Amino acid sequence: MSAEGSRTVEERLAALEAARAISDLIATYGPLVDSGDAEAVAALWEPDGIYDIDETRLEGHAAIEAMVRSRGHQGLIAAGCAHLLGPPRVTVDGDEAVAVCQSLLVAHGEKGFRVLRATANHWHLRRGPAGWRVRVRTGRVLDGRTEAPYLLAEGAHGRRVDET
Amino acid sequence: MSAEGSRTVEERLAALEAARAISDLIATYGPLVDSGDAEAVAALWEPDGIYDIDETRLEGHAAIEAMVRSRGHQGLIAAGCAHLLGPPRVTVDGDEAVAVCQSLLVAHGEKGFRVLRATANHWHLRRGPAGWRVRVRTGRVLDGRTEAPYLLAEGAHGRRVDET
Amino acid sequence: MSAEGSRTVEERLAALEAARAISDLIATYGPLVDSGDAEAVAALWEPDGIYDIDETRLEGHAAIEAMVRSRGHQGLIAAGCAHLLGPPRVTVDGDEAVAVCQSLLVAHGEKGFRVLRATANHWHLRRGPAGWRVRVRTGRVLDGRTEAPYLLAEGAHGRRVDET
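Residue numbers (our numbering), protein chains in the order written: chain W, 1 to 164; chain G, 1 to 164; chain Y, 1 to 164.
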């Protein structure tokens, strides 16, 4: 592999570590949000990071914490729910990165469990003094709206979808 | 990254290898249990390892093998099932580690497939002469019982929930 | 770890990179197929690679592209769907590798989302001048047919199931 041959051990280690750190961050979202840990969820983002979902656009830690503490989300937890995110494909470019994954929201109710929604997730991450954080996460429900497949395609090719 | 700068190549490689080995171990559980390979499932645990589930507490290889060979589990396989575990978040501390992930049990029946349950999984692992093995896996159904979000929170923060 | 002690840093890095590259490849399938990117889906395979599914056997890029462009698959995308693949267990042996994972096809319809099927996936991959590519992917629905658990077992043990 000539590409690998021209990279130093340090560069190769750093590339593996960056991909691992970003995968770890994304793997932590579901457990944190399903346990209602509002501050820890928000801390996955930069202080002014954005969580752009279908129905709303959350800007900054306070807005993300408020979503976790909302009646709607707390109701999901009280009834039982799992935000299960698939393994992300991560593309690192220096101190910026793009990741993509699909996710399922499975909720418990009187008739047992059901899939409330499947979502396309595009992540723009940035590395700062505290390590990798989410700059913008964009999620769109995979219910036929064209934005959702668009997010998957852009993410799979390592392309950003925001200008921030 | 000053933290990385003070670690040797050997230490950084070993950290990546440990996380990879644990992720691999967890990724093998679903395929093994859904194919009914009782001995290989049990071998993911230490000889006296524990699988603490809602309805029961399995201690040691023989008990775990018996679960896989039970009428209930064999019935799931015969009808068709998938234990799908999400990508774990792994926290390594020397020869001990904690991992957390959510899982779905999807089962086939007369009306097609459905989600039988979503579960919170907390893993305590230990490294021995044979590599990483499960010391205690604790699973609780995400149906509103408070133990399940507790497991997710503790796991996401890399904290153990057992004293063994 | 004596096994690690006898391997060079180069060998250990290369092993981690191979596992990462294969996991990345597999993590890209879902986002690409759910966004209908036929050419990029096909390019995950070798030019004469095989996608052996229950109902059919696709040989080569043109056949795989045609599947993505088919009325059936395009209908799934238009209504909304997620091919969610679990984290694979990867076993590398030189320039050949085996991976295994389960997957869910979640589809949107008039009554919301439901799990259309759960599938056992066995991957045989090969490394060439362009990096890792799929030689043969074999998928069987986990609906009780014995081939599906067989694929999971063989994949979990790192064994191939094809002769190509």
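Each residue gets a CB set at the ideal place from its N, CA and C atoms; glycine is no exception.
Only a predicted model underlies this, so the values are computations on that prediction, with no experimental measurement involved.
So that I know if they touch, is there some Cβ in chain W lying closer than 7 Å to that of residue i?
i: Y:A82; result: yes
i: G:G86; result: yes
i: Y:A66; result: no
i: G:V100; result: yes
i: Y:S103; result: no
i: Y:A43; result: no
i: G:V216; result: Nothing about residue 216 of chain G can be reported from this structure: the residues present for chain G run from 1 to 164 only.
i: Y:I79; result: It should be noted that the sequence gives Ala, not Ile, for residue 79 of chain Y. For Y:A79, the answer is yes, since a Cβ of chain W falls inside 7 Å of its Cβ.
i: G:T8; result: no
i: Y:S35; result: yes
Closest Cβ-Cβ distance between residue i and chain Y: below 7 Å?
i: W:D143; result: yes
i: G:A118; result: no
i: W:T152; result: The sequence shown places Leu at residue 152 of chain W, rather than the Thr named in the question. W:L152 counts as touching chain Y.
i: G:D95; result: no
i: W:E163; result: no
From what residue to what residue does the beta strand (DSSP E) around residue i run?
i: Y:E46; result: W45 to D52
i: Y:G155; result: No beta strand (DSSP E) contains Y:G155, which is instead part of the alpha helix (DSSP H) from E147 to A156.
i: G:E59; result: R57 to E59
If the criterion is Cβ atoms closer than 7 Å, does the pair residue i and residue j meet it?
i: Y:T56; j: Y:G158; result: no
i: Y:H124; j: Y:R114; result: no
i: Y:L44; j: Y:Y51; result: no
i: G:L152; j: G:A120; result: yes
i: G:R7; j: W:D24; result: no
i: W:A183; j: W:L32; result: Nothing about residue 183 of chain W can be reported from this structure: the residues present for chain W run from 1 to 164 only.
i: G:C144; j: W:A38; result: The question names Cys, but residue 144 of chain G is Gly in the sequence shown. Cβ atoms of G:G144 and W:A38: not closer than 7 Å.
i: Y:E65; j: Y:R133; result: no
i: G:L142; j: W:G80; result: yes
i: W:H61; j: W:A42; result: yes
i: Y:T28; j: W:A156; result: yes
Quick check on the DSSP output: the alpha helix (DSSP H) that includes residue i runs from which residue to which?
i: G:E110; result: Taken as a continuous stretch (DSSP letters only), G:E110 belongs to no alpha helix (DSSP H), as it is neither H nor E.
i: Y:E11; result: V9 to D34
i: G:L76; result: R71 to A79
i: Y:E39; result: A38 to A42
Could you tell me whether any Cβ in chain G is nearer than 7 Å to the Cβ of residue i?
i: Y:G189; result: Lying before the first or after the last residue shown, residue 189 of chain Y is absent from chain Y, which here runs from 1 to 164.
i: Y:R12; result: yes
i: Y:L16; result: yes
i: Y:S2; result: Because the pLDDT at Y:S2 is just 44, under 50, the model does not fix this residue reliably, and the point stays unresolved.
i: W:H108; result: yes
i: Y:P149; result: yes
i: Y:V115; result: yes
Return the Cβ separation of residue i and residue j in integer angstroms, given the expectation that the two are a contact with Cβ distance under 8 Å.
i: G:A99; j: G:I26; result: 6 Å
i: W:R140; j: W:A148; result: 4 Å
i: W:L84; j: W:G30; result: 6 Å
i: W:V161; j: G:V9; result: So it is not a contact: roughly 36 Å between Cβ atoms.
i: G:A97; j: G:A15; result: Not really, about 11 Å apart at Cβ, beyond 8 Å.
i: G:H122; j: G:E154; result: 6 Å
i: W:G86; j: W:S103; result: 7 Å
i: G:L13; j: Y:R12; result: 5 Å
Starting from residue i, follow its DSSP beta bridges and name the residues at the other end.
i: Y:R126; result: Y:E96 and Y:R133
i: W:T138; result: W:D52 and W:H122
i: W:A82; result: W:V106
i: W:R114; result: W:A107
i: Y:V90; result: Y:A99
Give me the chain B residues within the contact set of residue i, using Cβ-Cβ distance strictly less than 7 Å, ordered along the chain.
i: W:R89; result: The structure shown contains no chain B; its protein chains are W, G and Y.
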